[in-house]
Amino acid sequence: RPINNAKTLDRASIRDALENIKSYNGIIKTYSPPFTKTRHDALNVNDYFMATYDTDGAIVPIDKRSK
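Take any residue in the sequence shown, count from 1 to its spot, add 1: that is its number in the numbering used here.
This is the structure in structure tokens:
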């Protein structure tokens, strides 16, 4: 989508198009906005967690598993 919006393969134009995306529905969350002029990482520290698998194969965050 950003390349289509930029209408060119020019690096600066694509960067600008990425920085102007208002919202994007991703796999793990809705990014609002995914990128800005000062932040080019869509994920932040709150998006990562340590996990393990339970006996059924479901992902369980480590801080929420029973002790």
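Just so you know, even glycine gets a beta-carbon here, dropped at the ideal spot from N, CA and C. None of the values given here were measured: they were computed from a predicted structure.
**Request:** Can you grab the Cα-Cα spacing for the pair residue 6 / residue 24, in whole Å?
**Result:** 14 Å
**Asked** Buried or exposed: residue 10, going by 16 or more other Cβ atoms within 10 Å of its Cβ?
**Response** exposed
**C-beta atoms of residue 36 and residue 43 nearer than 8 Å** = yes
**Asked** Name the DSSP bridge partner or partners of residue 31?
**Response** 26
**Prompt:** Got a sec, what are the start and stop residues for the alpha helix (DSSP H) residue 60 sits in?
**Reply:** Residue 60 -> not in any alpha helix (DSSP H); beta strand (DSSP E) instead, spanning 60-62.
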